[in-house]
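Quick notes on the structure that follows.
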Amino acid sequence: MTSKNLIKALPKIELHLHILGSIRPETLLSIIETDNIESAYNNKDDIVKRFEYSDFMNFIQCYMEIVDYIIDERHFERITYEMLENCARCNTKYVEASFSPMDHISKGLQFNKMLNAIRRGIKNAKRDFGLEADIRIDIVRTSTIEEAMSILDYIAEDPNNIVSIDLGGNEKMYPPKRFADVYRRAAKMGLHRVAHAGEAAGPESIWEAIQYLNVERIGHGVSAQQDPNLIEYLKQKRIGIEMCPVSNLRTGAVHSIKEHPIRDFFDKGLLVSVNSDDPSLFHTDMNYEFIQLHQELGFSVDELFKISLDSIQSSFLDPKIKDQLRRSFTREYTSLVE
Ligand SMILES: [Zn+2]
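Per our numbering, the very first residue in the sequence shown carries number 143; after that it's consecutive.
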């Protein structure tokens, strides 16, 4: 087997994957047509072209445009199902998918209807492709504290399938500190805690997420590279770093994959996972991410498999399930390389 095919066949886990950012261009087009929405897109290629960015803010702008096209909760079933179908094609066995309800609630959509549609997508994907998924709820940095708390109220009413909260969006203008009370309450509710940090801002944003939000994992964490003390802290505390190399390239957080800090973090023994973030919007998937790491940063197949095992460790699964997964991953890997 060529190393490329071997990499594609590796069992994988994905921990940082946005549901809306996984929407297929043809699905977006079909939603626009079905719901009779006015748009600048005449065909799939127009949409694919729109998914090119000059910087992070331009990406956020594009993301918010897509939000505007979703005017019916039921579409999340198809988007979630197709996202997981794509994951299964990369031999991904478990996904923690991020959903940002406030973006859509502010457009008049209902939390329960959206979540139930996502759960149907997960259930049907499990039936058809055999992979498991849980949900993490992104409370979005632009939310007011009242809005963020109202999201926790919704979760408390129906926590099924929801494993953690997350904080995404513009981290320069909306630093983590503001959400300390929200994260404290989430912890009391038994939810795990993640935040995007160190993607579009410096290491101070990561320190704040640790100090004020008590996060167990960091989304991106690229700028930790600028602070050796932070790297040591992340290593000692075993805080998982959800790295999204191709996303960072597309938004300009790094200039090339060769410059991406994942090689350095991995070599230093940090608990690193690899993720596609918004695969549709960044023209990527887990296979492409792994192959980039192999080709541009010299990750061996063995090292990529270690990343899969570290991702299991980093996940919010029960320890028992983690053990089972580790065993089945190792069996699968052994049979591939034998
Ligand atoms: Zn993200």
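The C-beta atom is built at its ideal place from N, Cα and C for all residues, glycine as well. These numbers were taken from a predicted model, which means no experiment stands behind them.
Cβ pair residue i, residue j closer than 8 angstroms
i           : j           : result
residue 280 : residue 248 : no
residue 414 : residue 452 : yes
residue 402 : residue 439 : yes
residue 276 : residue 458 : yes
residue 290 : residue 318 : no
residue 363 : residue 352 : no
residue 322 : residue 355 : yes
residue 311 : residue 283 : yes
residue 435 : residue 454 : no
residue 406 : residue 367 : yes
residue 335 : residue 360 : no
residue 170 : residue 211 : yes
residue 228 : residue 420 : no
residue 165 : residue 213 : no
residue 423 : residue 193 : yes
residue 417 : residue 150 : no
residue 233 : residue 148 : no
residue 256 : residue 293 : no
residue 269 : residue 302 : no
Assigned secondary structure, residue i (DSSP; H/G/I helix, E/B strand, else coil)
i           : result
residue 331 : coil
residue 400 : helix
residue 407 : helix
residue 217 : helix
residue 382 : strand
residue 306 : strand
residue 420 : coil
residue 223 : helix
residue 165 : coil
residue 154 : strand
residue 430 : helix
residue 253 : helix
residue 336 : strand
residue 159 : strand
residue 360 : strand
residue 371 : helix
residue 315 : coil
residue 285 : coil
residue 291 : helix
residue 263 : helix
residue 143 : coil
residue 193 : coil
residue 341 : coil
residue 365 : helix
residue 248 : coil
residue 425 : coil
Span of the beta strand (DSSP E), counted from its first residue to its last, around residue i
i           : result
residue 275 : 274-280
residue 415 : 414-416
residue 321 : Per DSSP, residue 321 belongs to no beta strand (DSSP E) and is neither H nor E.
residue 234 : 234-241
Where the alpha helix (DSSP H) through residue i begins and ends
i           : result
residue 182 : Here residue 182 belongs to no alpha helix (DSSP H), and DSSP marks it neither H nor E.
residue 456 : 443-456
residue 393 : Neither: residue 393 is in no alpha helix (DSSP H) and is coded neither H nor E.
residue 211 : 198-211
residue 477 : 461-479
residue 301 : Counting along the chain, residue 301 falls outside any alpha helix (DSSP H), and DSSP gives it neither H nor E.
residue 351 : 345-355
Residue-chain proximity (residue i, chain B), Cβ-Cβ < 8 angstroms
i           : result
residue 295 : Structure shown: chain B not included; a single protein chain is present.
- Message: Run the Cβ filter for me: residues under 6 angstroms from any heavy atom of ligand 1, listed in the order they occur in the chain.
- Response: 158, 160, 310, 338, 361, 419
- Task: Specify whether the stretch 342-354 and the stretch 203-222 touch according to this definition: at least 3 beta carbon pairs, one from each stretch, less than 8 angstroms apart.
- Result: no
- Taking three-plus beta-carbon pairs below 8 angstroms as touching, is the stretch 145-159 in contact with the stretch 380-400? yes
- Message: Count Cβ pairs between the stretch 388-395 and the stretch 193-201 that sit closer than 8 angstroms; are there 3 or more?
- Response: yes
- Task: Examine the Cβ distances between the stretch 408-423 and the stretch 365-383 and report whether three or more of them are shorter than 8 angstroms.
- Result: yes
- Message: Whether or not the stretch 186-194 and the stretch 459-469 are in contact is what I'm after, with contact meaning three or more pairs of Cβ atoms, one per stretch, closer than 8 angstroms; do they touch?
- Response: no
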